[in-house]
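Asks:
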Ligand SMILES: [Zn+2]
Ligand SMILES: [Zn+2]
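In our numbering, the protein residues as written are 39 to 228.
1. With residue 221 as the anchor, note down where its alpha helix (DSSP H) starts and where it stops.
2. Classify residue 108 as buried or exposed, calling it buried when 16 or more other Cβ atoms lie within 10 Å of its own Cβ.
3. Looking at the unbroken alpha helix (DSSP H) that takes in residue 44, where does it start and where does it end?
4. Given a threshold of 16 other Cβ atoms within 10 Å of its Cβ, counted over all protein chains shown, does residue 92 qualify as buried or as exposed?
5. Ignore the nearest five residues each way along the sequence and tell me which others in residue 69's own chain have a CB closer than 8 Å to its CB.
6. Report back the beta-carbon spacing between residue 82 and residue 121 to the nearest angstrom; my notes put them in contact at under 8 Å.
7. So what's residue 143 in DSSP terms, helix, strand or just coil?
8. Any chance the CB of residue 68 is under 7 Å from a heavy atom of ligand 1?
9. In three-state DSSP terms, what is residue 126?
10. Between residue 183 and the rest of its own chain, which residues show a CB-CB distance below 8 Å, the 5 nearest in sequence each way excluded?
11. Within this structure, are the beta carbons of residue 164 and residue 201 separated by less than 8 Å?
12. Return yes when the Cβ of residue 44 is within less than 8 Å of the Cβ of residue 112, no when it is not.
13. Tell me the start and end of each unbroken alpha helix (DSSP H) in the region 150-211 that is at least 4 residues and wholly inside, in chain order.
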């Protein structure tokens with residue numbers, strides 16, 4: 039399909055001049071109108087998820103997308119377009135978020151705050167965090183990279199009231215396993 043075929047009667051919607059036969063996505067009419075200025079890049083492929091067995095459950099630890107064929111579609115008109123100049127495309131990798139481990143209901147340990155009853159607990163970190171700046175745009179925007187942290191765990195606390203979790207000797211708990219044990223002992227697990 040040609041660019042002009044997306045537009046009624048093959049004319050620019052703004053100045054009504056004839057759109058040339060060889061117009062490409064993103065090119066402009068003499069009046070300044072951009073032809074098909076948004077489009078979708080559709081990558082067909084498949085997802086590979088890697089599972090590991092823990093006890094009697096299989097848990098997904100890793101996933102990746104393996105890209106196959108690519109096609110383009112006009113956002114406004116929904117049709118397939120084949121006049122995208124791919125050399126003008128900035129590369130955007132099809133990254134996938136890695137899965138979080140969420141235990142099943144009977145494997146989960148519950149937190150119940152002794153102070154306010156809230157069931158949310160958080161880790162408070164102290165120290166510095168730095169994020170690299172990948173690029174700056176002339177328009178003023180900044181693209182940030184990954185955040186590096188040299189932070190250490192300061193304490194665990196209730197999200198609701200800030201209740202500070204201490205062990206039986208009154209010392210701050212700073213260990214994952216100790217927190218789990220504390221919850222098993224001090225919070226209603228029913
Ligand atoms: Zn025009
Ligand atoms: Zn609380």
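Even for Gly, the Cβ is constructed at its ideal location relative to N, Cα and C.
Replies: The answer reads as follows:
1. As a position in the chain shown, residue 221 is number 183, starting the count at 1. Residues 214-224.
2. The count along the chain shown starts at 1 and reaches residue 108 at position 70. Around the beta-carbon of residue 108, fewer than 16 other beta-carbon atoms lie within 10 Å, marking it exposed.
3. As a position in the chain shown, residue 44 is number 6, starting the count at 1. For residue 44, the enclosing alpha helix (DSSP H) starts and ends at 41-44.
4. Looking up residue 92 in the chain shown gives position 54. Per the 10 Å Cβ criterion, exposed.
5. Numbered from its first residue, the chain shown carries residue 69 at position 31. 50, 52, 53, 55, listed in sequence order.
6. Within the chain shown, residue 82 is the residue found at index 44, counting from 1. Within the chain shown, residue 121 is the residue found at index 83, counting from 1. Actually they are not in contact, since the Cβ atoms of residue 82 and residue 121 sit about 20 Å apart, beyond 8 Å.
7. In the chain shown, counting from the first residue as 1, residue 143 sits at position 105. Helix.
8. Mapped onto the chain shown, residue 68 falls at position 30. Yes; taking the cut-off as 7 Å, the Cβ of residue 68 has a heavy atom of ligand 1 nearer than that.
9. Translated into the one-based positions of the chain shown, residue 126 becomes position 88. Here residue 126 sits in helix by DSSP.
10. Walking along the chain shown from the start, residue 183 turns up at place 145. Excluding residues within five positions, the ones whose Cβ falls inside 8 Å are 169, 170, 171, 172.
11. If you number the chain shown from 1, residue 164 lands on position 126. If you number the chain shown from 1, residue 201 lands on position 163. No. Outside cutoff.
12. The residue you call residue 112 lines up with position 74 of the chain shown. The residue you call residue 44 lines up with position 6 of the chain shown. Their beta carbons are under 8 Å apart, which means residue 112 touches residue 44 by this criterion.
13. Within the region 150-211, no complete alpha helix (DSSP H) run reaches 4 residues.
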